[in-house]
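*Asks:* Counting along the sequence shown from 1, when you hit position 301 you're at 302 in this note's numbering, and nothing is skipped either side.
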Amino acid sequence: MPRSEAAGAGGEPGTGAELTIDLGAIVANYNRLRRELGAVPCAAVVKADAYGLGAARVAPALAAAGCDTFWVAHLEEGIALRAILPQARIFVLIGPRGDSAATYVRHGLTPTLNAPDEIETWATHAAGTAAALHIDTGMSRLGLSPRDMDWLTDHAVLLDRVPLAYVMSHLVVAEEPDHPLNAEQLHRFRAARQRLPQLARAKASFANSSGIFLGPDFHFDLGRPGAALYGLAPTESQPNPMAQAVHLQARILQVRDVDVGDSVGYGAAHLRLRRGRIATLPAGYADGYMRGLSHRGRVVIGAHTVPVVGRVSMDLITIDVSDLPADLARPGQLATLIGPGMTPDDVGALAGTNGYEVLTQLSRRYRRRYVDA
Ligand SMILES: *Cc1c(COP(=O)(O)O)cnc(C)c1O
Numbered sequence: 002m003p004r005s006e007a008a009g010a011g012g013e014p015g016t017g018a019e020l021t022i023d024l025g026a027i028v029a030n031y032n033r034l035r036r037e038l039g040a041v042p043c044a045a046v047v048k049a050d051a052y053g054l055g056a057a058r059v060a061p062a063l064a065a066a067g068c069d070t071f072w073v074a075h076l077e078e079g080i081a082l083r084a085i086l087p088q089a090r091i092f093v094l095i096g097p098r099g100d101s102a103a104t105y106v107r108h109g110l111t112p113t114l115n116a117p118d119e120i121e122t123w124a125t126h127a128a129g130t131a132a133a134l135h136i137d138t139g140m141s142r143l144g145l146s147p148r149d150m151d152w153l154t155d156h157a158v159l160l161d162r163v164p165l166a167y168v169m170s171h172l173v174v175a176e177e178p179d180h181p182l183n184a185e186q187l188h189r190f191r192a193a194r195q196r197l198p199q200l201a202r203a204k205a206s207f208a209n210s211s212g213i214f215l216g217p218d219f220h221f222d223l224g225r226p227g228a229a230l231y232g233l234a235p236t237e238s239q240p241n242p243m244a245q246a247v248h249l250q251a252r253i254l255q256v257r258d259v260d261v262g263d264s265v266g267y268g269a270a271h272l273r274l275r276r277g278r279i280a281t282l283p284a285g286y287a288d289g290y291m292r293g294l295s296h297r298g299r300v301v302i303g304a305h306t307v308p309v310v311g312r313v314s315m316d317l318i319t320i321d322v323s324d325l326p327a328d329l330a331r332p333g334q335l336a337t338l339i340g341p342g343m344t345p346d347d348v349g350a351l352a353g354t355n356g357y358e359v360l361t362q363l364s365r366r367y368r369r370r371y372v373d374a
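1) Where P341 and D347 are concerned, what is the direct C-alpha to C-alpha distance, given to the nearest angstrom?
2) What residue from G227, A192 and V372 has the CA that sits closest to D50's CA?
3) Between V73 and L94, which are expected to be in contact by the criterion C-beta below 8 Å, what is the C-beta distance as a whole number of angstroms?
4) Less than 6 Å between the CB of G227 and some heavy atom of ligand 1, yes or no?
5) Output the distance between the C-alpha atoms of P3 and D258, rounded to the nearest integer angstrom.
6) Since P345 and V322 are thought to touch, with beta carbons under 8 Å apart, how far apart are those beta carbons, to the nearest angstrom?
7) Starting from R366 and walking both ways along the alpha helix (DSSP H), at which residues does that stretch end?
8) Starting from the Cα of L172, find the closest Cα among G232, P181 and L351 and give me that residue.
9) Using 10 angstroms around the beta-carbon of T154, count the other beta-carbons present and answer buried if the total reaches 16, otherwise exposed.
10) Which residues in the same chain have their Cβ closer than 7 Å to the Cβ of D69, if we skip the five residues on either side of it in sequence?
11) CA-CA distance, H126 and R33?
12) What distance in whole Å lies between the Cβ atoms of V372 and L63, which are believed to be in contact at a cut-off of 8 Å?
13) Could you tell me the alpha carbon to alpha carbon distance between A132 and Y357, rounded to whole angstroms?
14) Taking the continuous beta strand (DSSP E) assigned at F71, which residues delimit it?
15) Between the alpha carbons of A192 and R225, how many angstroms are there, rounded?
16) Can you tell me whether P235 is helix, strand or coil according to DSSP?
17) So, under 8 Å CB-CB, S170 and Q195 are touching, yes? Tell me the CB distance rounded to an integer number of Å.
18) What are the uninterrupted segments assigned as beta strand (DSSP E) that are 3 or more residues long and contained completely in the stretch 82-135, given in chain order?
19) If you run the structure through DSSP and keep just helix, strand and coil, what is P3?
20) At 3 residues or longer, and completely inside the stretch 245-306: list those beta strand (DSSP E) runs for me, N to C.
21) Taking C-beta to C-beta, are G349 and L329 nearer than 7 Å?
22) Touch check for the stretch 277-286 and the stretch 238-248: three-plus C-beta pairs under 8 Å?
23) Out of V310, R369 and G298, state which residue places its alpha-carbon closest to the alpha-carbon of L351.
24) Alpha carbon to alpha carbon, how far is V265 from L274? Give it in angstroms, no decimals.
25) Quick check: does the Cβ of L46 come within less than 6 Å of any heavy atom belonging to ligand 1?
26) Quick check on I158: buried or exposed, where buried means 16 or more other Cβ atoms within 10 Å of its Cβ?
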């Protein structure tokens, strides 16, 4: 049997990985986006629990930095955020139903109206209360379609009862600045606003994180970034100007020698072609370290990057430390699964997904630590 060593009583609390969330980096990113927007105000998108990083900690930090406008996806997220931020302006992206209008009003939440029935609902149940209006310019997902815009021009009188906080739209491929759809969406957005004086007069919001870096034509009256606040790269094939806000570290649990022909992990999917050493780390797909990282993930130990070998299990991964200096390949050694040298974007690329999914899958099982500037 190969010999193995176990992490002894090292005095470290807990056996799992530790997730450090740098609120100072998130605030720095907010200020960086504000600089990019010039005089145009910058909101913060904190849907999905601030992209998995914890809205209860992230939103107050941004509010303290001067952010007064927040966007979430669901009504329930808005209600939860209202309890944390009594003063902020809170927009909800998914529109109201007939029976939820009163709930919006009671919690001081501003809905986004995405369809004709939602405009009618709001004009009926919340007349005189502000809402955002979403025009679809290319996502084909939410928002008024071209046919809905025809309907609205015939029913423009409804807008007398719906004060528009913002007319908004959402970019499809802003992370690729040269993609022709960016200019096309901008053209469609401007043209749609020109169809009614109420839309032309209202403030407008267009740019997500990536859109902010497309330049002033895309800024209108409010930036609406999420991803870049949390350190994701706004522009493909460009250096990432954002600060890294997430650091996920775990200590090696065990190290063992493996021989030619030994198998590693479930399914015997990794068979040793050479002798070496395997280290085990306490993070798996139940922690959001995706199974798609089997045989593909990479972790950083000291100045070295080492590969994940074998399948990602529910609670554990195995890494090949054969080429590491012996003093780094030992139980208790810290490994970085996500950090400056292995960003969420990097992990997403290795897993065949994106940094957004990596962040939003970060589990509650990790010990969480928040640090300030
Ligand atoms: C999620 C979302 C955003 C934020 O996008 P990022 O790419 O994370 O900056 C902005 N607007 C809408 C409508 C969204 O759904």
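Note that CB positions come from ideal geometry on N, CA and C, so glycine has one too.
*Replies:* Taking the coordinates as given:
1) Numbered from 1 along the sequence shown, position 340 holds the residue referred to as residue 341. Numbered from 1 along the sequence shown, position 346 holds the residue referred to as residue 347. Distance between the alpha carbons of P341 and D347 is about 10 Å.
2) As a working mapping, residue 50 is identified with position 49 in the sequence shown. Nearest C-alpha to D50: G227.
3) If you number the sequence shown from 1, residue 73 lands on position 72. If you number the sequence shown from 1, residue 94 lands on position 93. That belief holds up - the Cβ atoms of V73 and L94 are roughly 7 Å apart, short of 8 Å.
4) Within the sequence shown, the letter at position 226 stands for residue 227. It does: the Cβ of G227 is within 6 Å (strictly closer) of some heavy atom of ligand 1.
5) Here residue 3 refers to the residue found at position 2 of the sequence shown. Here residue 258 refers to the residue found at position 257 of the sequence shown. The pLDDT assigned to P3 is 45, lower than 50, so where the model puts this residue is not dependable; a value taken from the coordinates is nonetheless given after this. Rounded to whole angstroms, P3 to D258 spans 5 Å at the Cα level.
6) The residue labelled residue 345 in the question sits at position 344 within the sequence shown. The residue labelled residue 322 in the question sits at position 321 within the sequence shown. That belief does not hold up - the Cβ atoms of P345 and V322 are roughly 23 Å apart, past 8 Å.
7) Counting from one through the sequence shown, the residue named residue 366 turns up at place 365. Counting along the chain, R366 falls outside any alpha helix (DSSP H), and DSSP gives it neither H nor E.
8) The residue given as residue 172 occupies position 171 in the sequence shown. If we check each option's Cα against that of L172, P181 comes out closest.
9) As a position in the sequence shown, residue 154 is number 153, starting the count at 1. Exposed, by the Cβ-count rule.
10) To locate residue 69, count along the sequence shown from 1; it is residue 68. Same-chain partners within the cutoff: A89 and R90.
11) Here residue 126 refers to the residue found at position 125 of the sequence shown. Here residue 33 refers to the residue found at position 32 of the sequence shown. For H126 and R33, the distance between alpha carbons rounds to 40 Å.
12) Working through the sequence shown from its first residue, we reach residue 63 at position 62. Working through the sequence shown from its first residue, we reach residue 372 at position 371. About 15 Å; that fails the 8 Å criterion.
13) Counting from one through the sequence shown, the residue named residue 132 turns up at place 131. Counting from one through the sequence shown, the residue named residue 357 turns up at place 356. Looking at the two C-alpha atoms, the distance is approximately 27 Å.
14) As a first step, residue 71 must be located in the sequence shown, where it is residue number 70. T70 to V73 is the extent of the beta strand (DSSP E) around F71.
15) Within the sequence shown, the letter at position 191 stands for residue 192. Within the sequence shown, the letter at position 224 stands for residue 225. Approximately 21 Å between the Cα atoms of the pair.
16) Position 234 of the sequence shown, counted from the start, is the residue given in the question as residue 235. Coil.
17) Along the sequence shown, read from residue 1 onward, the residue named residue 170 stands at position 169. Along the sequence shown, read from residue 1 onward, the residue named residue 195 stands at position 194. With a Cβ gap of about 14 Å, S170 and Q195 do not count as contacting.
18) 90-93, 110-114 and 132-135
19) Locating residue 3 in the sequence shown gives position 2, counting from the first residue. Interpretation of P3 is limited by its pLDDT of 45, a score under 50 that renders its predicted location unreliable; no figure is taken from the coordinates.
20) 247-252, 255-259, 277-282 and 299-302
21) Indexing the sequence shown from 1 puts residue 349 at position 348. Indexing the sequence shown from 1 puts residue 329 at position 328. No, Cβ-Cβ distance for G349 and L329 is not below 7 Å.
22) no
23) Counting from one through the sequence shown, the residue named residue 351 turns up at place 350. Of V310, R369 and G298, the residue nearest in Cα terms is G298.
24) Counted from its first residue, the sequence shown places residue 274 at position 273. Counted from its first residue, the sequence shown places residue 265 at position 264. Rounded to the nearest angstrom, the two C-alpha atoms are 11 Å apart.
25) In the sequence shown, counting from the first residue as 1, residue 46 sits at position 45. In the sequence as presented, Leu is not what sits at residue 46; that position holds Val. Yes, the beta carbon of V46 sits closer than 6 Å to at least one heavy atom of ligand 1.
26) Your numbering for residue 158 matches position 157 in the sequence shown. Correcting the residue identity first, residue 158 is Val in this sequence and not Ile. Classification for V158: exposed.
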